[in-house]
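Visitor:
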Amino acid sequence: MSNFEKEDVFNNQLKAEVTKVAQGILDQEIKKYIYNNVDESQKKSSTICDTILIKLKDLNNKHFKFIVSCLILQKADCGINLSASCYWDNNTDGSVALKQESDDAVCIVNIFACGV
Numbered sequence: 001m002s003n004f005e006k007e008d009v010f011n012n013q014l015k016a017e018v019t020k021v022a023q024g025i026l027d028q029e030i031k032k033y034i035y036n037n038v039d040e041s042q043k044k045s046s047t048i049c050d051t052i053l054i055k056l057k058d059l060n061n062k063h064f065k066f067i068v069s070c071l072i073l074q075k076a077d078c079g080i081n082l083s084a085s086c087y088w089d090n091n092t093d094g095s096v097a098l099k100q101e102s103d104d105a106v107c108i109v110n111i112f113a114c115g116v
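Here is the structure:
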C-alpha cells in the first residue's frame, strides 16, 4: 500500500471508525463513573486503554499500529493542560483525541495511528 493510499485510508475511513469505537467505550465506561480513589482510577484507565486496543485490533487494519493513552482525573476547582506529540509522517499517520465527562470525573483519550 502506497503512502497516498495509507493517508486516504486513515483520514477518510479509519479515523471515523477509530473515533466511533473509542467514543462508544468512553460512553460505556465514563458517563456514570464515580471517582473514588487513585487506585480505582488507574485500573479504569488501564481497562479503557486495553479495551480500545482490542477493539481497534478487531478492525483488522494491518497497515497501522495504534498507541492509546488515557487520563482520568477528578473534577475539582483547578485547571489542567494536556499536550501530546509525536515525530511522524503527517502524510500517513494520524491521531484522535476524545473527552468524556461524568458528574465528578473527566477522561481524555489520545489515540495515535502510525502507518507501517
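The sequence shown runs 1 to 116 under full-length UniProt numbering.
For every residue, glycine included, the Cβ atom is placed at its ideal position computed from N, Cα and C.
Need the endpoints of the alpha helix (DSSP H) that Val18 sits in, please.
Guide: Lys15 to Ile30 is the extent of the alpha helix (DSSP H) around Val18.
Visitor: Whose C-beta lies closer than 7 Å to the C-beta of Lys6 among residues of the same chain, with five residues either side of it excluded?
Guide: With a pLDDT of 49 at Lys6, under the threshold of 50, the predicted position of this residue should be treated as unreliable, though the coordinate-derived value follows. Cβ neighbours of Lys6 beyond the five flanking positions: His63, Thr92 and Gly115.
Visitor: What's the gap between the Cα of Asn37 and the Cα of Gln23?
Guide: Cα-Cα distance, rounded: 24 Å.
Visitor: Let's see if you can read the secondary structure: which residues bound the beta strand (DSSP E) around Lys65?
Guide: Segment Phe64 to Gln74, the beta strand (DSSP E) holding Lys65.
Visitor: Rounded to whole angstroms, what is the Cα-Cα separation between Phe4 and Ser69?
Guide: Confidence at Phe4 is low in this model, with a pLDDT of 49, below 50, so the placement of that residue is unreliable and no value is reported for it.
Visitor: Please tell me whether Phe66 and Leu82 are closer than 7 Å, where the distance is taken between their beta carbons.
Guide: No, Cβ-Cβ distance for Phe66 and Leu82 is not below 7 Å.
Visitor: Kindly indicate which three-state DSSP category Ser102 falls into: helix, strand or coil?
Guide: Coil.
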